[in-house]
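Engineer:
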Amino acid sequence: MKPFYVTTPIYYVNDRPHIGTAYSTIAADVLTRYQRLRGRPARFLTGLDEHGLKIARTAEAQGLTPQELTDQMQEPFRQTWKLLSCEHDDFIRTTERRHKRKAQALWRMIQERGDIYLGEYEDWYCVGCETFYTEKDLLEGKLCPQHLKPVERIKESSYFFRLSKYTQPLLDYYEAHPDFVKPSARFNEVKSFVREGLRDLSLSRTSFRWGIPVPGDPEHVMYVWFDALSNYMSALGGPVENEPAPLFEQFWPPNGDLVHLVGKDILRFHAVYWPAFLLAAGLTPPTQIWAHGWLTVNGQKMSKSLGNFLRPEPLAEAFGVDPLRYYLMRDVAFGQDGDFSHANLIARLNGELANGLGNLLNRVLASIVQKSLGGRIPAPTGPDTAEDLTLQAEALRCARAAAEQLDAVAPQRALEAVWELVSAANRYVDRTEPWALAKLEDKSRLSHVVYHVLETVRMIGVMISPFMPGKAHELREQMGLHPLMATVGCDLWPSVWGGLPSGITTQPGKPLFPRLDKDQEAAALENLGVKLDAPGSHAAATSKAQSPKSQKPAQEPKVTEPASPATQASTDTSISYDDFAKVELRVGLVLTAEPVPKSDKLLRLTLDAGDPAPRQILAGIAQHYAPEALVGKRVIIVANLKPRKLMGLESQGMVLAASDETGLFVSAVAGDVKPGSLVK
RNA sequence: GCCGAUGUAGCUCAGCCGGUUAGAGCGGGCGUUUCAUACGCGCUAGGUCGGAGGUUCGAGUCCUCCCAUCGGCACCA
Numbered sequence: 162m163k164p165f166y167v168t169t170p171i172y173y174v175n176d177r178p179h180i181g182t183a184y185s186t187i188a189a190d191v192l193t194r195y196q197r198l199r200g201r202p203a204r205f206l207t208g209l210d211e212h213g214l215k216i217a218r219t220a221e222a223q224g225l226t227p228q229e230l231t232d233q234m235q236e237p238f239r240q241t242w243k244l245l246s247c248e249h250d251d252f253i254r255t256t257e258r259r260h261k262r263k264a265q266a267l268w269r270m271i272q273e274r275g276d277i278y279l280g281e282y283e284d285w286y287c288v289g290c291e292t293f294y295t296e297k298d299l300l301e302g303k304l305c306p307q308h309l310k311p312v313e314r315i316k317e318s319s320y321f322f323r324l325s326k327y328t329q330p331l332l333d334y335y336e337a338h339p340d341f342v343k344p345s346a347r348f349n350e351v352k353s354f355v356r357e358g359l360r361d362l363s364l365s366r367t368s369f370r371w372g373i374p375v376p377g378d379p380e381h382v383m384y385v386w387f388d389a390l391s392n393y394m395s396a397l398g399g400p401v402e403n404e405p406a407p408l409f410e411q412f413w414p415p416n417g418d419l420v421h422l423v424g425k426d427i428l429r430f431h432a433v434y435w436p437a438f439l440l441a442a443g444l445t446p447p448t449q450i451w452a453h454g455w456l457t458v459n460g461q462k463m464s465k466s467l468g469n470f471l472r473p474e475p476l477a478e479a480f481g482v483d484p485l486r487y488y489l490m491r492d493v494a495f496g497q498d499g500d501f502s503h504a505n506l507i508a509r510l511n512g513e514l515a516n517g518l519g520n521l522l523n524r525v526l527a528s529i530v531q532k533s534l535g536g537r538i539p540a541p542t543g544p545d546t547a548e549d550l551t552l553q554a555e556a557l558r559c560a561r562a563a564a565e566q567l568d569a570v571a572p573q574r575a576l577e578a579v580w581e582l583v584s585a586a587n588r589y590v591d592r593t594e595p596w597a598l599a600k601l602e603d604k605s606r607l608s609h610v611v612y613h614v615l616e617t618v619r620m621i622g623v624m625i626s627p628f629m630p631g632k633a634h635e636l637r638e639q640m641g642l643h644p645l646m647a648t649v650g651c652d653l654w655p656s657v658w659g660g661l662p663s664g665i666t667t668q669p670g671k672p673l674f675p676r677l678d679k680d681q682e683a684a685a686l687e688n689l690g691v692k693l694d695a696p697g698s699h700a701a702a703t704s705k706a707q708s709p710k711s712q713k714p715a716q717e718p719k720v721t722e723p724a725s726p727a728t729q730a731s732t733d734t735s736i737s738y739d740d741f742a743k744v745e746l747r748v749g750l751v752l753t754a755e756p757v758p759k760s761d762k763l764l765r766l767t768l769d770a771g772d773p774a775p776r777q778i779l780a781g782i783a784q785h786y787a788p789e790a791l792v793g794k795r796v797i798i799v800a801n802l803k804p805r806k807l808m809g810l811e812s813q814g815m816v817l818a819a820s821d822e823t824g825l826f827v828s829a830v831a832g833d834v835k836p837g838s839l840v841k
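Residue numbers (our numbering): 162 to 841.
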């Protein structure tokens, strides 16, 4: 069977694990466990992104070396994944030697093929984002649009990746691999982005040291994304140079299937840059990239600036690790935005887990089997009634459906299919009334019926094991079954009826999923600091929750071409009078002003500027001026500017304004001169 | 503004290439069983399928326009 390799993003070590990162890590764990159950060789990688200016500065502020800092910060991640039963096969840190060596190897491969070259780069840089911004991205006062903090002007020699060359190859690759990016709507966005043309990508920095040195030019440090993306490969020991790399050979495409789970904010890096790097190095891109959505918390959008984290540990403590995993996989459609709702979690825990599955196991195993069947799994005695056959068929149908959904990375649908079977089993129990059969002298029908229920429960236990490994184990223990042992080449997914052995002694224990009564529910929410508007309902709830989160800077670096020699040479910016005379400045009287729909920056103005008819100008000042405040003002406009369409409206000129860190102010003339008067 | 998606019962959503009385889960209401974690099972929701046109013997299901919401891109000439 083709090996399966799944990755989470490497999380930025400066944050702590939260419900968003937990979600993608749990999803990766579920997929891995499922593939293993099917007998497929499977590998699950997660890890940490530990480089970047932000780390270096945080470390400095704390009087630590960056390495000391990241050594400390990694611990919460390891602990959290362990707590959440996420059993990664590898945990890579970008500061590890094995990673640095392989990132450099990848660099060399691309360079040797000619797609890395030296140029020069200059732009505004935000330390918080570790991202360059072009002038137009900045807020007034040269503030980073993400962090609202001042940016720095940085100019440096830089290596560039010839991304522009890969516009067409990428489009061809997308064409040939229609399932490369999921969901398909996201794929469309990627395609349209690439179709507009790609510019070369700045691939190195000289402005800070905390990163991986560029091979052969240690003044340069690799661009964080080149560093970060190569983790998926370096963790397998690839790319191969001189020494053998068996894991890489086994799991990297085309030999293995590689699935990257990513947040939608970092899709572009994975779906555009990463395959381009790999194509440039002569390597095979990943099989599939799955962009999952964001989680809101109790219906509230969260922003990073609030700095509030919904951490998984208290939730796991309050509700149990497995119920939490179940809830996240069941309630959120993979690939879409979802909502983490305490009320829904409790509703599913009580309804589906406790009442549905837990009670099913209990009502048969702890009750009938103990009282009437000597505590042993009975044997099927036949013949099958219509009800028996229906349950058998339903069991196999649901198992097939669940597998199909998991193959398609739709965990929520898979669980839905499993719970159809839970429901069918409960229905079967009601129809066959084993408690009535138990009163008969002849226990053969009872045995047959109970066997049917328990065989169904056994199948369910197998199917939920990727989602709730602990509970699946408990379930088997209670039934007297051995633990599931996934083995390569051995498909354990239910596909035939009758796998349950008879005669074994059961060991019923406490309810598998204890129900939360009203008091316990209230206490749990109290402990978590959550207030539900209407207890027990689906009403919105509020909490001191957090932001679902991007694992990486939300913005891609805006990269420009390396400055041309001519540009660099001309430092003299003075112009001749003739140059100035070309610009026609006039006084304009603002007649009307209104916001432009769907634009948060533009105002549509009409002005009397001495023209026969009022002139329409769009000005990007909506964040600084209320429309009413402008009407009647005399402002200076550039009158002979070439008209241009903005947001579908034509702008016939430009309103002059000045800005500094305190705000933006439109120009004005000191007296009430006639509209249209020339300014010079 | 360009591109795309979504808009179906109180809530969350299914409804493939158009075709009998538009579905599920949850919640609500009613009933019922008693083996069980007061759990289960059955019945019940009369919803203009966002709006308006159109194609068709026939349209949530195709076309056009519009509205709303959400994304991606663009936009301070």
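Built from N, CA and C at the ideal position, the CB exists for glycine as well.
Can you check the segment 580-647 for any alpha helix (DSSP H) of at least 4 residues that lies completely inside it and give the ranges in chain order?
Structural biologist: Fully enclosed alpha helix (DSSP H) runs of 4 or longer: 595-598, 605-625, 630-640.
Engineer: For Gly-398, collect the residues of the same chain with a Cβ closer than 6 Å to its Cβ; drop the 5 residues on either side in sequence, then sort them by chain order.
Structural biologist: Here the set comprises Ala-406, Leu-408, Phe-409.
Engineer: Phe-252 and Arg-239 - do their beta-carbons sit closer together than 8 Å?
Structural biologist: Cβ atoms of Arg-239 and Phe-252: closer than 8 Å.
Engineer: Taking the runs of the beta strand (DSSP E) that are 3 residues or longer, which of them lie wholly in the segment 370-455?
Structural biologist: You should have 378-383, 418-424, 449-453.
Engineer: Would you mind working out which of Ala-508, Leu-601, Val-530, Glu-555 sits nearest Pro-655, comparing C-alpha positions?
Structural biologist: Pro-655 has its Cα closest to that of Glu-555, out of Ala-508, Leu-601, Val-530, Glu-555.
Engineer: If you draw a straight line from the C-alpha of Leu-456 to the C-alpha of Asn-392, how long is it?
Structural biologist: Approximately 26 Å between the Cα atoms of the pair.
Engineer: Let me know the secondary structure DSSP gives Met-234 once reduced to three states.
Structural biologist: Looking at Met-234 - three-state DSSP - the assignment turns out to be helix.
Engineer: Could you name the residues of the same chain whose beta carbon sits closer than 7 Å to that of Glu-722, not counting the 5 residues immediately before and after it, in chain order?
Structural biologist: Low confidence applies to Glu-722: its pLDDT is 26, below 50, so where it sits in the model is not reliable, and the reading given next is rough at best. So the list reads Arg-360, Asp-361, once near-sequence residues are dropped.
Engineer: Kindly identify the DSSP beta-bridge partner or partners of Val-816.
Structural biologist: According to DSSP, which records beta bridges pairwise, Val-816 is partnered with Ile-798.
Engineer: Using 10 angstroms around the beta-carbon of Gly-496, count the other beta-carbons present and answer buried if the total reaches 16, otherwise exposed.
Structural biologist: Per the 10 Å Cβ criterion, buried.
Engineer: Evaluate Ser-353 with the Cβ neighbour count: other Cβ atoms within 10 Å of its Cβ, from every protein chain shown; 16 or more gives buried, anything less gives exposed.
Structural biologist: Its Cβ having fewer than 16 others within 10 Å, Ser-353 is exposed.
Engineer: Work out the CA separation of Val-191 and Glu-211 for me, nearest whole Å.
Structural biologist: So the two alpha carbons sit approximately 26 Å from each other.
Engineer: Taking the alpha-carbon positions, what's the Lys-713 to Asp-426 distance?
Structural biologist: Reliability fails at Lys-713, whose pLDDT of 30 lies under 50, so the model's placement of it is uncertain and the value that follows must be treated cautiously. Between Lys-713 and Asp-426, the C-alpha separation is close to 8 Å.
Engineer: What are the boundary residues of the beta strand (DSSP E) that Glu-745 is part of?
Structural biologist: Counting along the chain, Glu-745 falls outside any beta strand (DSSP E), and DSSP gives it neither H nor E.
Engineer: What would DSSP say about Glu-313, mapped onto helix, strand or coil?
Structural biologist: Strand, per DSSP.
Engineer: Cα-Cα, which of Asp-498, Pro-475, Arg-472, Ala-508 is closest to Tyr-852?
Structural biologist: Since the first residue of the chain shown is 162 and the last is 841, residue 852 is not available in this structure.
Engineer: Determine the direct distance from the alpha carbon of Met-394 to that of Ser-828, and round the result to whole angstroms.
Structural biologist: Each residue's Cα considered, the two are about 56 Å apart.
Engineer: Could you check whether the segment 222-231 touches the segment 264-282, counting it as contact only if at least three pairs of C-beta atoms, one from each stretch, sit closer than 8 Å?
Structural biologist: Because the criterion of three Cβ pairs below 8 Å is not met, the segment 222-231 and the segment 264-282 do not touch.
Engineer: Could you compute how far the alpha carbon of Thr-648 sits from the alpha carbon of Leu-198?
Structural biologist: Going from the Cα of Thr-648 to the Cα of Leu-198 covers about 7 Å.
Engineer: So the alpha helix (DSSP H) Asp-500 belongs to, where does it begin and stop?
Structural biologist: Premise fails: Asp-500 lies in the beta strand (DSSP E), 499-501, not in any alpha helix (DSSP H).
Engineer: Using only the alpha-carbon positions, how far apart do Thr-703 and Gln-461 sit?
Structural biologist: Note that Thr-703 scores 31 on pLDDT, short of 50, meaning its location in the model is unreliable and no value can be drawn from it.
Engineer: Can you give the beta carbon distance from Val-493 to Thr-667, rounded, assuming they're within the 8 Å contact cut?
Structural biologist: Not really, about 35 Å apart at Cβ, beyond 8 Å.
Engineer: Whose C-beta lies closer than 6 Å to the C-beta of His-542 among residues of the same chain, with five residues either side of it excluded?
Structural biologist: Note on identity: in this sequence residue 542 is Thr, with His being the wrong assignment. Counting only Cβ-Cβ distances below 6 Å, and skipping sequence neighbours, we find Ser-605, Ser-608, His-609.
Engineer: Using DSSP's beta-bridge definition, name the partner residues of Trp-658.
Structural biologist: DSSP lists no partner for Trp-658.
Engineer: Please say whether Met-162 and Pro-202 have beta carbons closer to each other than 8 Å?
Structural biologist: Their beta carbons are under 8 Å apart, which means Pro-202 touches Met-162 by this criterion.
Engineer: Compute the beta-carbon to beta-carbon distance between Val-570 and Trp-451, rounded to the nearest angstrom, for a pair I have assumed lies under 8 Å.
Structural biologist: Contact holds; Cβ gap of about 6 Å.
Engineer: On the CB-based measure, 16 or more other CB atoms within 10 Å of its CB, does Phe-322 come out buried or exposed?
Structural biologist: The residue is buried, with at least 16 neighbouring Cβ atoms inside 10 Å.
Engineer: Taking 8 Å as the threshold, find out whether the segment 500-515 comes into contact with the segment 587-599 through three or more Cβ pairs.
Structural biologist: Too few Cβ pairs lie closer than 8 Å, so no.
Engineer: Have a look at Pro-484 and Leu-514 and give me their C-alpha separation to the nearest angstrom.
Structural biologist: Their Cα atoms are separated by approximately 8 Å.
Engineer: In whole angstroms, give me the CA-to-CA distance for Leu-557 and Pro-630.
Structural biologist: Cα to Cα, Leu-557 sits roughly 21 Å from Pro-630.
Engineer: Between the segment 773-792 and the segment 812-821, can you find at least three pairs of beta-carbon atoms closer than 8 Å?
Structural biologist: The segment 812-821 is in contact with the segment 773-792.
Engineer: What does the alpha-carbon distance come out to for the pair Leu-817 and Tyr-282?
Structural biologist: Those two C-alpha atoms are separated by around 29 Å.
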